[in-house]
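Working notes for the structure below.
In our numbering, the protein residues as written are 58 to 442.
Quick look at the structure:
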């Protein structure tokens, strides 16, 4: 028993890259940098501008939303983008007297597709890439084209799914007024996010771990906010609210899932699952299996489990298998609300707005978009690895 407990503790506090504490530090600190911009009204202003720019064209509204959300998601947090844009779309749709579901699902799909592009886009990206020692630049170089393929597929398929909706005209809707609460702090926040992303891309060349870079950037941002607040003789409320909004509920969840997988690994379950999946066509097998598996057990525990399973894959095919699981963990969020925590949070917001988008709707639309998008990503990935 003592040996077993030592094995679990050594795994949790491992000095290597697959350390849940380091992974949480990286993800939470990157989320704080995104939330800081949201607290200053940055995403609300962009959402407001995109909705107003559409005029009376529903198709233009779709194009603007998909493009804006995709670009923002690459550099920030997909969850924050979805949670910020959703209330705006609901309010706008009500005043324009249009069905909000096509535009809400567009935002959800765009955010969970383009979150694959950078290693920092999703905690599952971070965990899986870390399990193989893939750094920021190698991840970007390998995953940007599969992400673009999935993005193009989802963009086309969304238009087919909601073709009748997008053809119609709409009355010009009203959106809640958005404004930047502090232009100076916004510049500081954008610079911190940009410099952090740049530093992460070269961290392996500098011999610095990614979590150290992101945590240092958050500490610097906190210092800037406190200095600005001291000069203005006020409370540094922006950063304090960021800390309160950080995804702390992910900490016990990820740690628990990690411990469970370590226990399963101790009893050789990952090796058994590897034998079930079998050898050959690793990119396609692991991509498809992970896509469905995250809807049985959520994408975070699935990623933790499959990071152990892929350790059994031969070295030559391991990178492809791990990145295929990464694609499955992002795109699997389309199929059911249980596929990702973002889906469950998104459903809760919709219920609060008096809208219904249940499991049947998820499967009906998500199945049409998610699976073809996954195949597009895997085909391109298979050529690259």
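C-beta: ideal position from N, C-alpha, C; glycine also.
Residue from the options with nearest C-alpha to residue i
i, options, result
"residue 142", "153, 156, 126 and 154", "126"
"residue 299", "63, 323, 96 and 106", "96"
"residue 381", "76, 189 and 144", "189"
"residue 66", "183, 366 and 323", "323"
"residue 332", "371, 318, 311 and 296", "371"
"residue 286", "301, 327 and 239", "239"
"residue 402", "306, 196, 275 and 353", "306"
"residue 420", "394, 407 and 437", "394"
"residue 327", "369, 354, 279 and 336", "369"
"residue 226", "283, 118, 212 and 180", "118"
"residue 353", "209, 340, 392 and 290", "392"
Close beta carbons around residue i, own chain, < 6 Å, minus the five adjacent residues each side
i, result
"residue 410", "147"
"residue 129", "138"
"residue 211", "166, 170, 426 and 430"
Secondary structure of residue i, DSSP reduced to three states
i, result
"residue 116", "helix"
"residue 224", "helix"
"residue 426", "helix"
"residue 169", "helix"
"residue 199", "helix"
"residue 155", "coil"
"residue 194", "helix"
"residue 174", "coil"
"residue 405", "helix"
"residue 437", "helix"
Contacting residues, own chain, Cβ-Cβ under 7 Å from residue i (five flanking each side not counted)
i, result
"residue 418", "none"
"residue 314", "357, 358 and 361"
"residue 346", "334"
Cβ-Cβ distance between residue i and residue j below 7 Å
i, j, result
"residue 223", "residue 115", "yes"
"residue 121", "residue 110", "yes"
"residue 348", "residue 431", "yes"
"residue 207", "residue 434", "yes"
"residue 159", "residue 150", "no"
"residue 351", "residue 377", "no"
"residue 412", "residue 366", "no"
"residue 192", "residue 261", "yes"
"residue 387", "residue 187", "no"
"residue 303", "residue 89", "yes"
"residue 383", "residue 76", "no"
Near the ligand HEM: residue i beta-carbon under 6 Å from a heavy atom
i, result
"residue 227", "The model depicted lacks the ligand HEM and carries no ligand whatsoever."
8 Å Cβ shell around residue i - same chain, five flanking residues per side excluded
i, result
"residue 214", "425, 426, 429 and 430"
"residue 204", "170, 171, 173, 174 and 434"
The segment 172–183 touching the segment 74–83, judged by at least three CB pairs closer than 8 Å
yes
When the Cβ atoms of the segment 355–366 are set against those of the segment 158–166, are three or more pairs found closer than 8 Å?
no
With three or more C-beta pairs closer than 8 Å as the rule, is the segment 426–442 touching the segment 193–203?
yes
Decide yes or no for the touch test of the segment 90–108 against the segment 239–259: beta carbon pairs closer than 8 Å, at least 3 of them.
yes
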